[in-house]
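Inspection log for the structure reproduced underneath, given as structure tokens.
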Amino acid sequence: MSDSTYTAFAGNNRLAAGSAADVALAIAALADQNGVLVFDDGTGRQIDFDTRGTEAEIRQRYGASSAEDGEGRRATGRPKLGVVPREVTLLPRHWEWLSAQPGGASVTLRKLVDAARAADGAGGRHAQQAADRFMGAMLGNQPGYEDAARALYAGDGQRFSDLSESWPADLRDHARRLAAPAFGGA
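Oh and the sequence shown: position 87 is 1267 in the working numbering, straight run, nothing missing.
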């Protein structure tokens, strides 16, 4: 898995947060895992963890990064810098333009992506979507949910905070943390 972080909830209570391995081990330690929901903090999407097996098997399943998977093999690219090789499909005119840019195609694409991310308000839309997905799954029946969702997309942090105040504390705090970048927070 990637270096994403995850948060698990048992009902309205936060069970664990952190790396995939840490969260999977916390879930595995429960006698009753029914009703435990796990969310990817980066996307707000609900995901499933396979918590079968021993602690070592779970750590192996969720603890190794893709660069560590092929222990003896040399990874292509610059894995120590976090560079991940992937395929990009472009038209010939796009490749021609990219190859004519200083630094070549990779440098130019990284600069274009960084510029687009900055124009997005440091992930504002991404944060809105992640918070909205989480809220829809966990808080859809709470009072003020619909108005809070409108405040989230309107960028009204104070109204969002006011409307979410009565929600269960762990769920409220997680929704606020996911939404913070949408309001200019960290």
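Backbone N, C-alpha and C fix where the C-beta goes; we use that ideal spot for every residue, glycine too.
Nothing here was measured: the structure is a model prediction, and the numbers come from that model.
In the DSSP secondary-structure assignment, residue 1224 is not bridged to any residue. The three-state reading of DSSP puts residue 1198 in strand, counting E and B together. Between the alpha carbons of residue 1346 and residue 1354 lies a distance of about 14 Å. Here the alpha carbons of residue 1265 and residue 1274 stand approximately 19 Å from one another. With a cut-off of 8 Å on Cβ pairs, the segment 1232-1242 is not in contact with the segment 1315-1328, counting fewer than three such pairs. Assigned with DSSP and collapsed to three states, residue 1288 falls in helix.
Under the DSSP definition of a beta bridge, residue 1193 partners with 1190. Secondary structure note for residue 1277: its alpha helix (DSSP H) is the uninterrupted segment 1272-1279. Annotation: residue 1188 to residue 1309 spans about 19 Å, alpha carbon to alpha carbon. Distance from the CA of residue 1332 to the CA of residue 1227, rounded to the nearest whole angstrom, comes to 23 Å.
The C-alpha of residue 1239 lies about 18 Å from the C-alpha of residue 1195. If you look at residue 1305, you'll find it in the alpha helix (DSSP H) that goes 1304-1318. The C-beta separation of residue 1328 from residue 1340 comes to about 5 Å, placing the pair in contact by the 8 Å criterion. Note: residue 1343 is not bridge-paired with any residue in the DSSP secondary-structure output. Around residue 1364, the same chain offers no residue with a beta carbon nearer than 6 Å, after the five sequence neighbours per side are excluded.
Distances from the CA of residue 1267 to each of 1282, 1276, 1286 were compared; the closest alpha carbon is that of 1286. Per DSSP, the unbroken alpha helix (DSSP H) holding residue 1243 starts and ends at 1235-1243.
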